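Colleague:
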Amino acid sequence: MKKLNLTQLGNFSKSLTATVYHAQPRFTEEIIEIFDFARENGLKIAPRGAGRSYNDAALKGGGIVLDLSLLRCVQAWDSETGILRAQPGLTLESLWQFILSDGWWPPVVSGTMKTTLGGCLGMNVHGKNNFKMGTIGEHILEFDAVLPNGKKVTCSPKKNKNLFYGMISGMGMLGIFTSVTMQMKRVYSGLVHVKEWNVPNLESQLGALFRESPENDYIVGWLDGMARGTSLGRGQMHAANYLVEGEDADPDDTTRVAFQTLPDKFFGVVPKSKLHYLMGLGLNNLGVWGVNTAKYIVGRDKSYQQPHAAFHFLLDYVPDWEKSYGKYGLIQYQSFLPKETALDAWTEMLTISQKRKLPTYLGVTKRHRPDNFLISHALDGFSLAFDFKITKNNRAKLSQMVQDFDKIVLEAGGRFYFAKNSETSAETARAFLGAETVEKFRTLKKRCDPENLLYSDLYERVFAENV
Amino acid sequence: MTKSEQKLATATPLSPKKHAILVGASSGIGAALAHRLADEGYQIALLARREEMLSTLTDEINTKYGETRAIYYIHDVTDYDAVSELLPKIITDLGGLDTFIFNAGVAHMVGLKKYDFEKDRQTVEVNLLGALAWLNPVAERFQELKSGQIVGVSSVAGERGRVGNPAYNTSKAALSTHLEALRNRLDKLGVNVLTVKPGFVQTDMVKDAKKLFWVISPEQAAKDIYEAMQKRKQEIYTPARWRLVMFVVRNIPSFIFRKLTF
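Spelled out as structure tokens, the structure:
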């Protein structure tokens, strides 16, 4: 095995860096060598896809980061059935570019296309269609994995069922995916119909998600975290639908990769690779208030057609947007609440954030449904994700606030998502997952990884042994 | 090699951690610096020979904050071969390494007209070779990382060869020179190398010494060192007035210096 270099790796939101040994296998066999190396040297391993988690999921300070981004081949593709088999390091970007011209699209995608299949499975990601299509795991037909105990396994919803439902959502802590077989969704155009409208407060925002979700393929809300009083939680909804067969006069054209590519200039002038510098200037309380207010005021009912990539991958629209949050980065705080308790809990949380002068610079709402995976964040309700800028002096205040939020969410029967929140404690994790789930996961862990070789900083934080 | 069993908390964006190794931690400047770094939120690995003192210090720190901020390892710096195994182990236990501090040192009194090779050898083995055994692999890692901070506690005693303690002067002169050389290698990569030159500090090392002046507490020295670390300085004297004194002392011509009795 090649010598492992010490390096500094960070998370997506630029809020954390760790000193790690960087391992980048090119063949499945090399993963086993890395397990052996870790065992011999008393090192722990955190698997990493594209490193797009907002927290410590793909980091192990002082340990090995097993970077799977070079294992990225498409191994099989059937354009008749839409079944694809690929290695875990394949990004969603490469994936949709591979299949779209054949009239297929991934049934579930994250808000950025830079994520990898392995990472998406490890976190069991969802998209703006969670209420309809569930999480990505629901579209996995089968996967192969190599476990730290040396075994190679194949899992499907029928074969090695427990491991299937545990490894998908298992934060990479049970084994390493080596091959993933996934069912894609048939599309008849490279475009989607998009509708956009304003909602005057949180109640109408959640009402819109609830009412409109059965009627649409996708729905997502933008929430203005600065608006107060009767306008608290106001925002803008975006809903989208696939075009039906025959609706697009020239699907061969719209499903070309070039048609989907995001423009590289903003307003045709500012190169988008530089835009984050400009945005950085406005990312303070006053600037965000101005932008949010303007966005709300000019917002009106609109409908238009948009390429898939432009609708789905909003996070990629401004390259490196996360850098605009400055030197200390940002945290994302996402909570999932039952539809019955969401309004009260988020009203309280938004009010607290404004009172403490720590308003969220971006709020995003979605509609969800429960799933069968072992570590599940979803439920029959909604999610609201907040972005908070970290500054030199606000860490203690922010930390206190997210702890207070955790209490509100737990009391309201809510859940959390391990790809997003960075401060969730082991006690909180156990409270929302339930002791039974935690024990089930630990039992699987003992079977697959008796020596705890796979042990990311996230796992150490939320599954600490003494809780 | 013994190690305390406590586990350090992992870093999060809202409670980021800095990781430091402090060699020569059990008393004096080392112990004061350990307290100071823990105050500043560092997670520190404390190394020294004397387990009892080290474990008391570790407990004091961890009790004070109600969480594990310090872990310790028993280590004799003349056990050079142990470093290759110990350093990666500590980096793993700490969860990273941002700062390395070498503070181990001995000063044997040999008497004005005495020559004692055994004592001299020990002085060089601890103060110089002990330092090199750590500084080299640490420098290699920081070079790879293109970040990090090395702090070497040398002494004003390294600036001239004096009648009182030739081997101590030699060991500290060599340590200062080695630190300077590391600085010249690493500074351009973004690695800071700080040479600390204390004057007289109220520690075990000077308890039998006479004719001391400007004696400062270990806490004062630790404060000066920490502030210099923050500012990423290259070299400090503690207290600062020694800089001027040593400028004069360094420039006293040999024909005069030979006649002096200190």
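First to last, the sequence lines map onto chains A and B.
Here the first sequence stands for residues 7 to 473, numbered as in our numbering.
Here the second sequence stands for residues 237 to 498, numbered as in our numbering.
Heads up, the beta-carbon is just placed ideally off N, CA and C, and yes, glycines get one too.
Please read all numbers here as calculations on a predicted model, not as lab measurements.
Compare the Cα-Cα distances from D440/B to each of A340/B, L282/B, L425/B and report the closest residue.
Modeller: Taking only the C-alpha atoms, the option nearest D440/B is A340/B.
Colleague: Can you give me, in chain order, the residues of the region 444–464 of chain B that have a beta carbon less than 8 Å from any beta carbon in chain A?
Modeller: Cβ contacts with chain A: none found.
Colleague: What would DSSP say about E221/A, mapped onto helix, strand or coil?
Modeller: helix
Colleague: Any Cβ of chain A within less than 7 Å of the Cβ of L330/B?
Modeller: yes
Colleague: What residues from chain B crowd round I381/A, counting only those whose CB sits closer than 7 Å?
Modeller: Chain B residues near I381/A: none, gap ~18 Å exceeds 7 Å.
Colleague: Is it true that the CB of G239/A sits closer than 7 Å to the CB of P365/A?
Modeller: No.
Colleague: Can you list, in chain order, the residues of its chain with a C-beta nearer than 7 Å to that of M237/B? Leave out the 5 residues immediately preceding and following it.
Modeller: Confidence at M237/B is low in this model, with a pLDDT of 46, below 50, so its placement is unreliable and the value that follows should be read with caution. Cβ within range, chain order: Y309, I310, H311, A318, L322.
Colleague: Give the residues of chain A in contact with L381/B, contact being defined as C-beta atoms less than 8 Å apart.
Modeller: L12, T13, Q14, T25
Colleague: On the CB-based measure, 16 or more other CB atoms within 10 Å of its CB, does P249/B come out buried or exposed?
Modeller: buried
Colleague: Could you give the C-beta distance for R421/A and F342/A, rounded to a whole number, given that I count them as a contact under 8 Å?
Modeller: About 4 Å; that satisfies the 8 Å criterion.
Colleague: Mind pulling the chain B residues with CB within less than 8 Å of L22/A?
Modeller: By Cβ distance, chain B contributes A247, T248, P249, P252.
Colleague: Are the C-beta of L364/A and some C-beta of chain B separated by less than 7 Å?
Modeller: no
Colleague: When you compare each of I307/B, L273/B, A375/B to M289/B by their alpha carbons, which one comes out closest?
Modeller: Nearest to M289/B by C-alpha distance, out of I307/B, L273/B, A375/B, is I307/B.
Colleague: Are the beta-carbon atoms belonging to G369/A and L229/A less than 7 Å from one another?
Modeller: yes
Colleague: By alpha-carbon positions, which one of D412/A, P277/A, P456/A ends up nearest to A435/A?
Modeller: Checking every option, the nearest Cα to that of A435/A belongs to D412/A.
Colleague: Going by C-alpha to C-alpha distance, which of T121/A, N222/A, V152/A, G125/A sits closest to E35/A?
Modeller: V152/A
Colleague: Does the separation of the CB atoms of L430/B and A464/B fall below 7 Å?
Modeller: yes
Colleague: Among the candidates S75/A, V114/A, K451/A, whose CA atom is the shortest distance from the CA of A29/A?
Modeller: S75/A
Colleague: Just checking, does the region 340–357 of chain A make contact with the region 381–399 of chain A on the three C-beta pairs under 8 Å criterion?
Modeller: yes
Colleague: DSSP state of H344/B, grouped into three classes?
Modeller: The three-state reading of DSSP puts H344/B in coil, since its state is none of H, G, I, E or B.
Colleague: Label C126/A either buried or exposed according to how many other C-beta atoms from any shown protein chain fall within 10 Å of its C-beta, with 16 as the threshold for buried.
Modeller: buried
Colleague: By DSSP, does Y278/B sit in helix, in strand, or in coil?
Modeller: Secondary structure at Y278/B: coil, using DSSP grouped into helix, strand and coil.
Colleague: Rounded to whole angstroms, what's the CA-CA distance from K412/B to Y462/B? Just pull it up for me.
Modeller: Note that residue 412/B is Ser in the sequence shown, not Lys. Answer to the nearest angstrom: the Cα atoms are 19 Å apart.
Colleague: I want to verify the contact list: residues of chain B whose CB lies under 7 Å from the CB of S475/A, in sequence order.
Modeller: As displayed, chain A neither begins before 7 nor continues past 473, which places residue 475/A out of reach and without an answer.
Colleague: According to DSSP, is R401/A helix, strand or coil?
Modeller: helix
Colleague: Could you tell me which residues DSSP pairs with R373/A in its beta bridges?
Modeller: F388/A
Colleague: Between K66/A, N155/A, N135/A, Y302/A, which has its C-alpha nearest R45/A's C-alpha?
Modeller: N155/A
Colleague: Within 10 angstroms of its Cβ, does Q406/A collect 16 or more other Cβ (buried), or is it exposed?
Modeller: exposed
Colleague: Check the Cβ-Cβ distances between G178/A and every residue of chain B, and say whether any is below 7 Å.
Modeller: Taking Cβ atoms only, chain B never reaches closer than 7 Å to G178/A, which makes this a no.
Colleague: DSSP puts S262/B in a beta bridge; with which residues?
Modeller: Paired residue(s): none; S262/B is not in a bridge.
Colleague: Less than 7 Å separating the beta-carbons of I475/A and L460/A?
Modeller: Because chain A spans 7 through 473 in this model, residue 475/A falls outside it and cannot be assessed.
Colleague: Tell me the residue span of the beta strand (DSSP E) that contains I297/B.
Modeller: Segment 287–301 is the alpha helix (DSSP H) holding I297/B; no beta strand (DSSP E) there.
Colleague: Mapping the DSSP letters down to three states, classify W83/A as helix, strand or coil.
Modeller: strand
Colleague: Taking Cβ to Cβ, would you say E224/B is nearer than 7 Å to N378/A?
Modeller: The question about residue 224/B has no answer here: the residues shown for chain B are numbered 237 through 498.
Colleague: Which ranges does the alpha helix (DSSP H) cover as unbroken runs of at least 4 residues, wholly within the region 464–498 of chain B, from first to last along the chain?
Modeller: 478–486, 490–493
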